[in-house]
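**Q** Protein chains in written order, with the numbering used here: chain A, 3 to 220; chain B, 9 to 234; chain C, 264 to 518.
C-beta atoms are modelled at their ideal positions from N, C-alpha and C, and glycine is treated no differently.
In this text, all values refer to a predicted model and were calculated from it rather than measured experimentally.
Here's a structure for you.
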Amino acid sequence: MDSLLFIHNELFPELWKGWMVTLKLVALSIPFGLLTGILIAIGRVYGNRLISSLCRLYVIFFKGCPLLLLLFVIYFGLPSLGIAFSPFVASVLGFVLCNGAYTSEYIRGAIQSVKTGQMIAAQALGMTKWQAVFYIILPQAFRRALPGVGNEMIYLIKYSSLAYMLTCVELTGAGKIVAARSFRFMETFAVVGIIYLFMVSIATKILQWAEKKLSYPG
Amino acid sequence: MEGLSAVLESLPYILSGIPVTLGLVALSLALGFTLGVPMAVATVYGNRVMAKIIQVFVFVMRGLPNLVLLFLFYFGIFPLLGWNLSPFVIGVITLGLRSAAYQTEIFRGAILSLEEGQMLAALSVGMTKNQAIWNIILPQALRLALPGWSNEYPILLTDSSVTYAIGVAEILTRGSQMVTRTYQPMPIYLTCALIFILLNWGGMQIIQWGEKKAYIPGLGRKIETR
Amino acid sequence: MSTTPVLVVENIHKSFGKVEILKGASFAVNKGETKVIIGPSGAGKSTLLKCINQLVIPDRGRVFLNGEEVLHSHSQINRFRQKIGMVFQNFYLFDHITALENVEIALLKVKKMKRAEAREKALEELNRVGMGDKVHLYPAELSGGQAQRVSIARALAMDPEVILFDEPTSALDPELTGEVLEVMRDLAKEGMTMVVVTHEMGFASSVADEVLFMEEGRFLESGPPSQIFFHPREERTKKFLSRISELYGELNKNG
């Protein structure tokens, strides 16, 4: 009873605010992460040698660098070069850069798995290379990449908790603050955990729905 | 110039975090493997209740952020149990249990991809189910799982830095300590990033070498009968 | 002198869900006999073989090996399975180990033989099926016929009382069936007790002591090959045989 009261009166109002921040973090990071991933993938497959190598370096760096470390570079490192962000913006930037690196790998693999015949057929119809890429190759590649890309988006929900380490009070941060104030770590993190599981489940359902919706014969 | 001298000053201290980071990774991988293999076997060959329990465990472990799990263990569960564990051990338990969940899925997929006849043939020569799992199913499934399993290394390597949050003295923690001392965040954090990238690359070389070692002609492909 | 049959199968029933596959199949095999079971696909032949060594547990009916009832209880069944060899349509060689190790592994793990002893025995059986020169190849490196011969050697190594063959040549190219049938023919000559499910009528007519025709989960008729093939009593047997001879060519080619 006491626990329930605590959860209802003290915990939930705080968590609610944090939860909204988490949703904002994720909602902003997903489209930009996806865009970055697509651009990097195109750069790697269709770019000239310089662009292709730069994109490759990008992937190596942002996949190899732990996300938390990347957030520190952005939030604590960049100000020394005169570029300062709020914790929220720095977090989104870190998520986008990291997510873009992982996403690009799935999209690149999918682009390369689309048969070369598709490109030739499109060009035979008089399309330019870039028209073929945007109208023929990418739509097919994107469908193929969807399961992997979707998983990265689900990871994003979980990894958004790292924003707390930049003092951005999202869901995990809100939980930590209430818990430290009330010394009720078990209840707090159990509730926080359930909220994450809820978000991940919903996202998984949406992803499955999208996969079914977008799948086409063959 | 100040950056360079800060890096040089910090480097020995940061580098001594490598064994800590690699220790976290290796022990978590090992814990995940030790739990993941039997859990995978149990989900395929065990009874329904057990399979269900493991399924829930996998769902929870995969669905929670590392940081939340870490806080739950560090501030919640272990203090409640009255266990006084070091941050390093709690880091290993957290990362290891999470990896166990992922490894369960990896090994389960590999076991399910084997043809049913492997088990039938093993039983037909008089092996018990356990003997068949041990001598026939697992040696094949573990090899088939290798590519997916190798992915756990870079994941754990980058995830291990989250233990910074409970003060494990790994690379990132040491880097941050040197940043507060030298006020040179950019060069020092980039140095840390470089160390992680090199560890990632080096580890993958070793894993690829191991994959070649474990190669068996035709394993995993259906035998051509025609 | 009364001899107990090596294998007695009594009134086996088996359903999968609502589909009744076996509806009371019975037969017996004496020592040194080769019984060939023929019949259309879906008749339950393969399920019947699997019921004998309890890879599929029958709903009803009993199996006796040398007069002793084969029970599927945990403690008992592995003892029986060692004495009942089985050769599968798709070989089911263990893909991660070589031909030699495939034959060895049950000797080591089940019979707990010493390594040298197991190796000697395995090589002996591989030579017996003409695979003595390919013992270090992996299953994927063998042709279908070679793989099937190794799987026969694997069964032989356990010194079984009887070997069950489940369409041993059905997964093979026509030009590879000969080598497998030859091995089986030799085994029959050496006095091995065998139950063979096959569509190879040539093999059946030249090797079988008795041919059993199975349809819809039970045996319709049985008798020596000459009777079943040339003077079948049942209309359905005739029909089946004429369909088979269209597919596999006329009999008496002694294939």
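Helix, strand or coil: which one does DSSP assign to K375(C)?
**A** By 1-based counting over the third sequence, the position of residue 375(C) is 112. Residue state, collapsed to three classes: coil.
**Q** Give the interface partners of P225(B) over in chain C, defined as CB-CB distance under 9 Å, in chain order.
**A** By one-based count along the second sequence, residue 225(B) stands at place 217. What P225(B) touches in chain C: L400, Y401, P402, A403 and E404.
**Q** Can you check whether the CB of G152(A) is closer than 7 Å to the CB of L209(A)?
**A** Looking up residue 209(A) in the first sequence gives position 207. Looking up residue 152(A) in the first sequence gives position 150. Yes. Within cutoff.
**Q** What's the call for A416(C), buried or exposed, on a 16-neighbour Cβ count within 10 Å?
**A** Here the question's residue 416(C) lines up with position 153 in the third sequence. Counting Cβ neighbours within 10 Å, A416(C) comes out buried, since at least 16 surround it.
**Q** Alpha carbon to alpha carbon, how far is E479(C) from D429(C)?
**A** Here residue 479(C) refers to the residue found at position 216 of the third sequence. Here residue 429(C) refers to the residue found at position 166 of the third sequence. Whole-angstrom Cα-Cα distance: 17 Å.
**Q** For the region 318-336 of chain C against the region 296-305 of chain C, do three or more pairs of beta-carbon atoms, one drawn from each stretch, fall closer than 8 Å, so that the two count as touching?
**A** No, the region 318-336 of chain C does not touch the region 296-305 of chain C.
**Q** Taking all protein chains shown into account, decide if N74(B) is buried (16 or more other Cβ within 10 angstroms of its Cβ) or exposed.
**A** As a first step, residue 74(B) is located in the second sequence; it is residue number 66 there, counting from the start. By the 10 Å Cβ count, N74(B) comes out buried.
**Q** Just to confirm the assignment, what range does the beta strand (DSSP E) spanning K178(A) have?
**A** In the first sequence, the residue the question calls residue 178(A) occupies position 176. First-last for K178(A): L173 to S184, but that is the alpha helix (DSSP H), not the beta strand (DSSP E).
**Q** For M394(C), which of A403(C), A381(C) and S414(C) has the nearest alpha-carbon?
**A** Looking up residue 394(C) in the third sequence gives position 131. Of A403(C), A381(C) and S414(C), the residue nearest in Cα terms is S414(C).
**Q** Is it buried or exposed for V521(C), if we count other Cβ within 10 angstroms and need 16 for buried?
**A** Residue 521(C) is absent from the model: chain C starts at 264 and stops at 518.
**Q** Please list the segments of the alpha helix (DSSP H) lying wholly inside the region 59-128 of chain A, counting only runs of 4 or more residues, in order along the chain.
**A** List check, alpha helix (DSSP H) in window: 69-74, 89-115 and 118-126.
**Q** Which term fits R234(B), buried or exposed, when burial requires 16 or more other beta carbons within 10 angstroms of its beta carbon?
**A** Counting from one through the second sequence, the residue named residue 234(B) turns up at place 226. The predicted position of R234(B) is uncertain, since its pLDDT is 29 and thus under 50; no value can be drawn from it.
**Q** What distance in whole Å lies between the Cβ atoms of R412(C) and V425(C), which are believed to be in contact at a cut-off of 8 Å?
**A** Working through the third sequence from its first residue, we reach residue 425(C) at position 162. Working through the third sequence from its first residue, we reach residue 412(C) at position 149. Not really, about 19 Å apart at Cβ, beyond 8 Å.
**Q** Are the CB atoms of C100(A) and L56(A) within a distance shorter than 7 Å?
**A** Sequence index remark: in the first sequence, residue 56(A) carries index 54 (1-based). Sequence index remark: in the first sequence, residue 100(A) carries index 98 (1-based). Not closer than 7 Å, so no.
**Q** What does the alpha-carbon distance come out to for the pair A50(B) and L180(B)?
**A** Taking the first residue of the second sequence as position 1, residue 50(B) is located at position 42. Taking the first residue of the second sequence as position 1, residue 180(B) is located at position 172. Answer to the nearest angstrom: the Cα atoms are 37 Å apart.
**Q** Report yes or no: is there a C-beta of chain B within less than 7 Å of the C-beta of Y108(A)?
**A** On the first sequence, residue 108(A) is found 106 positions in, with the first residue counted as 1. Taking Cβ atoms only, chain B never reaches closer than 7 Å to Y108(A), which makes this a no.
**Q** Relative to the alpha-carbon of L89(B), which residue among G35(A), F187(A) and K214(A) has its alpha-carbon at the smallest distance?
**A** Numbered from 1 along the second sequence, position 81 holds the residue referred to as residue 89(B). Of G35(A), F187(A) and K214(A), the residue nearest in Cα terms is F187(A).
**Q** Within 7 Å of any Cβ in chain C, is that where the Cβ of P95(B) sits?
**A** Along the second sequence, one-based indexing puts residue 95(B) at 87. No, its Cβ sits nowhere closer than 7 Å to a Cβ of chain C.
**Q** How many angstroms separate the CA atom of G518(C) from the CA atom of I119(B)?
**A** Within the third sequence, residue 518(C) is the residue found at index 255, counting from 1. Within the second sequence, residue 119(B) is the residue found at index 111, counting from 1. Because the pLDDT at G518(C) is just 39, under 50, the model does not fix this residue reliably, and the value given afterwards should be weighed accordingly. Looking at the two C-alpha atoms, the distance is approximately 40 Å.
**Q** For the 8 Å Cβ check, are there 3 or more pairs between the region 331-345 of chain C and the region 315-323 of chain C?
**A** Yes, the region 331-345 of chain C is in contact with the region 315-323 of chain C.
**Q** Counting pairs of Cβ atoms below 8 Å between the region 107-123 of chain A and the region 32-48 of chain A, do you hit three or more?
**A** Contact holds: three or more Cβ-Cβ distances are below 8 Å.
**Q** Do S168(B) and T42(B) count as a contact pair if the criterion is CB distance below 7 Å?
**A** Here residue 42(B) refers to the residue found at position 34 when the second sequence is read from its first residue. Here residue 168(B) refers to the residue found at position 160 when the second sequence is read from its first residue. Taking 7 Å as the Cβ cut-off, T42(B) and S168(B) do not qualify as a contacting pair.
**Q** Strictly under 7 Å for the Cβ-Cβ distance: is M186(B) near chain A by that measure?
**A** The residue you call residue 186(B) lines up with position 178 of the second sequence. False, the Cβ-Cβ gap to chain A never drops below 7 Å.
**Q** On the CB-based measure, 16 or more other CB atoms within 10 Å of its CB, does W157(B) come out buried or exposed?
**A** Numbered from its first residue, the second sequence carries residue 157(B) at position 149. With 16 or more Cβ atoms within 10 Å of its Cβ, W157(B) is classed as buried.
**Q** Assign T206(A) to one of three DSSP states: helix, strand, or coil.
**A** Sequence index remark: in the first sequence, residue 206(A) carries index 204 (1-based). In the structure shown, T206(A) sits in a helix (DSSP, three-state: H, G or I).
**Q** At 4 residues or longer, and completely inside the region 74-120 of chain B: list those alpha helix (DSSP H) runs for me, N to C.
**A** Those alpha helix (DSSP H) runs which fall completely within the region 74-120 of chain B and span 4+ residues are 74-79 and 86-89.
**Q** Excluding the 5 residues flanking S309(C) on each side, which residues of the same chain have their C-beta closer than 6 Å to its C-beta?
**A** On the third sequence, position 46 is the one that residue 309(C) refers to. Within the same chain, S309(C) has close Cβ partners D429.
**Q** Give me the chain C residues within the contact set of L131(B), using Cβ-Cβ distance strictly less than 7 Å, ordered along the chain.
**A** What you label residue 131(B) is simply residue 123 of the second sequence in a count that begins at 1. Correct list: L318 and R344.
**Q** By the criterion of Cβ-Cβ separation under 9 Å, what are the contact partners of N390(C) in chain D?
**A** Protein chains A, B and C are contained in the structure displayed, whereas chain D is not.
**Q** Grab me the residues of V271(C)'s own chain with a C-beta within less than 6 Å of its C-beta, minus the 5 sequence neighbours each way, in chain order.
**A** Looking up residue 271(C) in the third sequence gives position 8. Excluding residues within five positions, the ones whose Cβ falls inside 6 Å are A291 and F327.
**Q** Please work out which residues of its chain come closer than 6 Å, Cβ to Cβ, to L30(A), disregarding the five sequence neighbours upstream and downstream, and give them in chain order.
**A** The count along the first sequence starts at 1 and reaches residue 30(A) at position 28. Counting only Cβ-Cβ distances below 6 Å, and skipping sequence neighbours, we find V94.
**Q** Between F79(B) and F191(A), which are expected to be in contact by the criterion C-beta below 8 Å, what is the C-beta distance as a whole number of angstroms?
**A** On the second sequence, residue 79(B) is found 71 positions in, with the first residue counted as 1. On the first sequence, residue 191(A) is found 189 positions in, with the first residue counted as 1. The pair is a contact, with the Cβ atoms about 6 Å apart (cut-off 8 Å).
**Q** Could you tell me which chain C residues have their CB closer than 7 Å to the CB of V143(B), listed as they occur along the chain?
**A** Translated into positions along the second sequence, residue 143(B) becomes position 135. Residue identity check: residue 143(B) is Asn in the sequence provided, not Val. Correct list: I368 and K372.
**Q** With S162(A) as the anchor, note down where its alpha helix (DSSP H) starts and where it stops.
**A** Reading the first sequence from its first residue, position 160 is the one you call residue 162(A). Counting along the chain, S162(A) falls outside any alpha helix (DSSP H), and DSSP gives it neither H nor E.
**Q** Which class does S289(C) belong to by DSSP, given the choice of helix, strand or coil?
**A** Your numbering for residue 289(C) matches position 26 in the third sequence. S289(C): strand per DSSP, three-state reduction.
**Q** Which residues in chain B have a C-beta closer than 8 Å to the C-beta of T118(A)? List them in chain order.
**A** Within the first sequence, numbered from 1, the residue matching residue 118(A) stands at position 116. By Cβ distance, chain B contributes nothing, its closest Cβ being about 25 Å from T118(A), past 8 Å.
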